[in-house]
Structures are given as C-alpha cells and as structure tokens.
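Take a look at the structure set out below.
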Amino acid sequence: MSFPSQDPFSWFESEYQKAVQAKVPEPNAMQLATVDGEGTPSIRVVYFKGFVRGGFSFYTNYNSQKARELARSGRASVNFFWPQLAQQVRVTGIAEKLTREESEAYFRTRARLSQIGAWASEQSQEIDGPQWLERRVEDFEKRFQGQEVPCPLDWGGYHLLPLQIEFWFGQEGRLHNRYVFERFGIESAWRMYMKSP
Ligand SMILES: Cc1cc2nc3c(=O)[nH]c(=O)nc-3n(C[C@H](O)[C@H](O)[C@H](O)COP(=O)(O)O)c2cc1C
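Heads up: the sequence shown begins at 4 in the working numbering, then just goes up one per residue.
As structure tokens, then:
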C-alpha cells in the first residue's frame with residue numbers, strides 16, 4: 004500500500020508545521036491520557052515541547068496526578084487536534100522521565116515567573132484557596148531574589164515513546180483517512196496500514 008511517508012516523526016513534523024502556518028491556536032497543546040490503578044482514565048492538556056530521543060516530550064510536576072499514574076502504568080496516550088486542518092494525530096506508547104540534565108536545560112529556557120511557579124505549585128494537591136498560591140509565589144520570589152531560579156527536584160520532563168501513531172485526515176462524507184504506524188517495541192520496525200474511518 005502506498006503511504007504518504009515512511010517515517011512518522013518527520014511526517015509529524017511536517018504536519019505540525021502546516022498547523023503552525025494555518026495559525027491553529029496552540030497547535031502544540033496535546034491531550035494527555037493516563038490511567039490509575041483501577042483503570043480509570045484521566046485526561047488533561049499539556050504542551051508538546053519537541054522530540055527528545057525519539058519521544059514526544061512534555062514537562063510537569065513529578066508529584067502530580069499524571070506523574071503518579073505514569074509511575075504506576077508507564078503507559079500514556081496523547082492526541083493533537085487541529086480543527087482548521089480537520090486533522091488529529093493520536094499517539095500511544097511508553098512514557099519515561101527525561102534525564103535531570105534534559106529537564107534542567109529546558110527549565111532554564113522558561114520565563115522567570117513560570118520557574119517560580121514550578122516551585123510554588125504543589126501540582127494536583129488540595130489547597131486552601133488562591134491566597135495560598137499567591138503567598139507561595141511571594142515566598143519563592145524572596146528566596147530566589149537576585150539569583151537564577153534552580154529547577155526543582157520534583158519537576159521535569161517525560162518523553163512518550165510511541166508504539167502506535169495514527170494520522171487522521173478528515174474527509175467529506177466522513178470518509179476520513181487513517182494512517183497507522185505500529186510497532187511491538189521501541190526498537191522494532193514499523194508496520195504501516197490504514198484503518199476504516
Ligand atoms: C493549554 C494548556 C497547556 C497546559 N500545559 C501544561 C504543561 O505543559 N504541563 C503541565 O504540567 N500542565 C499543563 N497544563 C495544565 C494541565 O492541563 C493540568 O491541569 C495539570 O498538569 C494538572 O494535571 P494532573 O493533576 O492530572 O496531574 C496545561 C493546561 C492547558 C489548558
């Protein structure tokens with residue numbers, strides 16, 4: 004079967020660039036799904052921050068709900084939806100933490116307030132209202148006044164190593180095109196096929 008691309012990563016890059024050119028708002032926003040120990044799924048948006056060692060990277064708090072669920076299952080799925088292009092890209096695979104060096108390198112590129120925010124927010128924990136966070140931000144601004152904000156130990160990246168990537172192109176009459184890349188392990192060759200819409 005003829006496939007538009009033999010390499011899902013370069014294909015993703017070129018579709019992503021089309022989404023940027025089409026001015027899709029936040030084309031890098033991806034829905035990230037994880038599951039808890041009972042198999043209950045949970046979905047939230049995180050920002051895709053490029054490919055790191057063959058995986059879709061994103062950054063977050065390592066004590067958050069998503070991090071706890073990733074620690075348990077090691078599995079995740081993300082979905083990009085680009086409505087202006089009638090496209091989605093759906094990725095499922097193995098989520099692993101990035102190295103400390105990789106997380107620190109990315110952290111240094113963040114705006115200072117986002118760096119302070121990473122210290123202030125105990126992500127996914129119950130809090131006592133908005134003042135709690137404001138106070139924490141003030142505290143950490145004082146603590147790091149006049150110096151670079153270091154990367155917190157409980158903050159960093161993941162990369163999602165795909166075992167399946169599906170490129171979905173919306174077509175008239177719901178006769179959509181679905182191109183699937185699938186492999187058994189991250190070292191295995193891709194099998195490529197199409198799915199019925
Ligand atoms: C557009 C958008 C982008 C977001 N990007 C991130 C991100 O890159 N990292 C992150 O931890 N949370 C991000 N969030 C917040 C998450 O959706 C979520 O609220 C948070 O990570 C806590 O999730 P959890 O409690 O399930 O772990 C983003 C939210 C939106 C709406």
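Built from N, CA and C at the ideal position, the CB exists for glycine as well. A quick note: this is a predicted structure, and the numbers were derived from the prediction, not measured.
Pairing CB atoms from the region 89-99 with CB atoms from the region 116-135, are three or more of them under 8 Å?
no
Less than 8 Å between the C-beta atoms of His162 and Phe15, yes or no?
In the sequence shown, the residue the question calls residue 162 occupies position 159. In the sequence shown, the residue the question calls residue 15 occupies position 12. Contact flag unset, no.
Cβ-Cβ distance between Thr112 and Lys69 below 8 Å
Residue 112 sits at position 109 when you count from the first residue of the sequence shown. Residue 69 sits at position 66 when you count from the first residue of the sequence shown. In this structure, the beta-carbon distance from Thr112 to Lys69 does not fall below 8 Å.
Quick one: is the Cβ of Gln128 within less than 7 Å of any heavy atom of ligand 1?
In the sequence shown, the residue the question calls residue 128 occupies position 125. No, Cβ of Gln128 sits at least 7 Å from all heavy atoms of ligand 1.
What does a CB cutoff of less than 7 Å around Tyr50 pick up in its chain, not counting 5 residues either side in sequence?
Looking up residue 50 in the sequence shown gives position 47. Cβ neighbours of Tyr50 beyond the five flanking positions: Asn31, Ala32, Phe61.
Inside the region 63-98 only - beta strand (DSSP E) runs reaching at least 3 residues:
78-85
For the alpha helix (DSSP H) containing Glu18, list its first residue and its last residue.
By one-based count along the sequence shown, residue 18 stands at place 15. Per DSSP, Glu18 belongs to the alpha helix (DSSP H) from 11-24.
Per-residue DSSP class, three states only, for Lys52:
Residue mapping note: residue 52 aligns to position 49 of the sequence shown, counting from 1. Coil.
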